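Just so you know, the sequences run in chain order A and B.
Residue numbers for the first sequence follow our numbering, beginning at 4 and rising by one.
Residue numbers for the second sequence follow our numbering, beginning at -13 and rising by one.
Working notes, beginning with the structure itself.
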Amino acid sequence: MVGEGDEELARLLNAALSGDDQAYADFLRRAAGLVRRFAQRRITFGGLDPEDIVQETLLAVHLKRHTWRNDSPVGPWLYAIARFKLIDAFRRANRRLEVPVDGDFDAPAPEPEDRASEREIDRALATLPPREQSVVSAISVDGRSIAETAQALDMTEGAVRVALHRGLARIARTFGRM
Amino acid sequence: MDQEHFIRTLSLDDRRPAPMGQAWALALAAAVLVAAGLFATILGPRPDIATAAETWRFLYKFLVTAVLFLTGLWALLALARPGARARLPLLLLAPALLLASVLVELVVAPAGELGSRLVGNNALLCLTFIPLIGAGPLAAFLLALRHGAPDAPARAGAVAGLVAGGLAATLYASHCTDDSPLFVATWYPLAVLLLAAVGALAGRRLARW
């Protein structure tokens, strides 16, 4: 994945890192597409949802964007992050699939989860401290701007930015570990 | 949360993480200050360092430890970045230099002295103070790794231990009066590998992301 597509990715990411929000959104959309295909090809059983891997990888790409060297191709960096997150998710899924040793066999099967509406990230969002949770969900679920969120929650814009960043970092730490 | 909302949320978080170069500069400065400060306080260089510096055995210790430190540091910088190629075979350079000096020593040293040169007088001191002096640097390097994104956290932590060991051994070598390659090749690696083992265990827990 080092070629013209990669040059375009590198251009977008470089623009993003110097403050171009539009380029950043564009970059993340393309990265999501690549990671989705990567995850779909590797997930061959029902225990994992490729969309969870996509979101977890995007979050890691965002929080660790300073680990990209801007003179190197984006592809190997992006796929290394996706692979790391995929392996981590496989490990967690295996732990969850362990067979109970004793009893429990007659317990009713849990309702199948509604994967489309509740992803790992929404579950992680629900465990945030109240202030971070209201800021992150105002922005991500209700689609509000920083200014609107500040007004609605009676906070300064600076405080909203801090809470947003801390909330995202905390989501990355708890992702899939509930 | 759908993808467009999620991407918009990420792009609104404009708090920029510090560049890796800055994190490493800070970690290195802290590592050197803490290690050198501790060394100067509890050990200090040997009194006859001026005469010792005229012998190849004394000087060669610094070649080995400095090479370990520098090659390890180069690998460590790469290990903090996902997908970057760390030149791990370079880490064999220090052991190879050490082995070469052992072979020379086996040829030139009087046969009756080999045992006493290997055991030396400071084995316990070496095993105690290299890990002790290296502990602070190891912590600093692990914090820098945590700021990065090592895709093999245990391996990155182990290399962090090697680099911390290289730094600590460089300082300790100026205190120790056992200069024979036989001593250096026996005890220094034990002390450094202890740091590497601690680094691997700590890296797996601390450098997760």
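The beta-carbon is built from N, C-alpha and C at its ideal position, and this holds for glycine as well.
As the structure is a prediction and not an experimental result, all values here were calculated from the model.
Any C-beta of chain B under 9 Å from that of residue i
i	result
A/Ala153	no
A/Val38	no
A/Asp24	yes
A/Phe87	yes
A/Gln58	yes
A/Asn17	no
A/Ile46	no
A/Glu116	Because the pLDDT at A/Glu116 is just 49, under 50, the model does not fix this residue reliably, and the value given afterwards should be weighed accordingly. A/Glu116 does not count as touching chain B.
A/Ser137	no
A/Asp9	no
A/Leu51	no
A/Asp55	no
A/Arg134	no
A/Ala35	yes
A/Arg164	yes
A/Arg122	yes
A/Leu128	yes
A/Asp157	no
Beta-carbon proximity check, residue i vs residue j, cutoff 9 Å
i	j	result
A/Leu31	B/Ser(-3)	yes
B/Leu143	B/Gly189	Strictly speaking, residue 143 of chain B in this sequence is Gly, with Leu absent from that position. For B/Gly143 and B/Gly189, yes; Cβs fall inside 9 Å.
B/Val88	B/Ala36	no
B/Pro68	A/Lys67	yes
A/Ala63	A/Phe87	yes
B/Ala155	B/Thr27	no
B/Phe169	B/Ala109	yes
A/Ile84	B/Asp137	yes
B/Leu62	B/Phe(-8)	no
B/Pro31	B/Ser160	yes
A/Ala182	A/Gly50	Nothing can be reported for residue 182 of chain A, as the shown portion of chain A is limited to 4 through 181.
B/Gly122	B/Val184	no
A/Val139	A/Leu156	no
B/Arg103	B/Asp164	yes
Cβ of residue i within 9 Å of any chain A Cβ
i	result
B/Phe127	no
B/Gly134	yes
B/Ser87	no
B/Arg1	yes
B/Pro(-2)	Checking the displayed sequence, the identity of residue -2 of chain B turns out to be Leu instead of Pro. Interface residue, yes.
The alpha helix (DSSP H) enclosing residue i, as first and last residue numbers
i	result
B/Glu99	Per DSSP, B/Glu99 belongs to no alpha helix (DSSP H) and is neither H nor E.
A/Asp24	Asp24 to Arg45
B/Cys112	Ala109 to His133
B/Phe(-8)	Gln(-11) to Leu(-2)
B/Trp173	Pro167 to Leu192
B/Leu74	Where B/Leu74 is concerned, there is no enclosing alpha helix (DSSP H), given that its DSSP letter is neither H nor E.
A/Glu123	Glu123 to Ala129
A/Glu160	Glu160 to Thr177
A/Arg94	Val77 to Arg99
A/His69	Note, A/His69: premise wrong, no alpha helix (DSSP H); not H, not E.
B/Trp42	Trp42 to Leu65
B/Phe25	Met6 to Ile28
B/Thr156	Pro139 to Ala159
9 Å Cβ cut-off: residues of chain B touching residue i
i	result
A/Leu12	Those do not exist, as A/Leu12 stays about 13 Å from chain B at its closest Cβ, beyond 9 Å.
A/Ala28	Glu(-10), Ile(-7), Arg(-6), Leu(-4) and Ser(-3)
A/Arg131	Per the sequence presented here, residue 131 of chain A reads as Leu, with Arg not at that position. Correct list: empty, because the minimum Cβ distance to chain B is about 13 Å.
Listed by chain order, chain B residues near residue i by CB distance under 8 Å
i	result
A/Arg72	Arg67 and Ala70
A/Gly146	His(-9) and Arg(-6)
A/Leu171	Thr(-5), Leu(-4) and Asp(-1)
Buried versus exposed call for residue i [16 or more other C-beta atoms within 10 Å across all chains shown]
i	result
B/Gly98	exposed
A/Asp117	Confidence at A/Asp117 is low in this model, with a pLDDT of 48, below 50, so the placement of that residue should be treated as unreliable; the coordinate-derived value is given next. The residue is exposed, with fewer than 16 neighbouring Cβ atoms inside 10 Å.
B/Leu78	exposed
B/Asp0	exposed
A/Glu54	buried
B/Asn152	The question names Asn, but residue 152 of chain B is Gly in the sequence shown. So B/Gly152 counts as buried.
B/Thr57	buried
A/Ala119	Residue confidence for A/Ala119 is low, a pLDDT of 48 falling below 50, so the modelled location carries little weight and cannot support an answer.
A/Ile90	exposed
B/Arg191	exposed
B/Leu54	buried
A/Thr47	exposed
B/Val178	buried
A/Thr159	exposed
A/Ala10	Strictly speaking, residue 10 of chain A in this sequence is Glu, with Ala absent from that position. Classification of A/Glu10: exposed, given that the 10 Å Cβ count is below 16.
B/Gly106	buried
A/Asp29	buried
Closer than 9 Å at the beta carbon, the chain A residues around residue i
i	result
B/Trp195	Ala63, Leu66, Lys67, Phe87, Ala175 and Arg176
B/Pro5	His69
Per-residue contacts from residue i into chain A (C-beta, under 8 Å)
i	result
B/Asp137	Ala83, Ile84, Arg86 and Phe87
Residues that residue i contacts on chain B, provided the C-beta gap is smaller than 7 Å
i	result
A/Pro79	Gly69
A/Arg32	Ile(-7)
A/Ser143	Met(-13), His(-9), Phe(-8) and Thr(-5)
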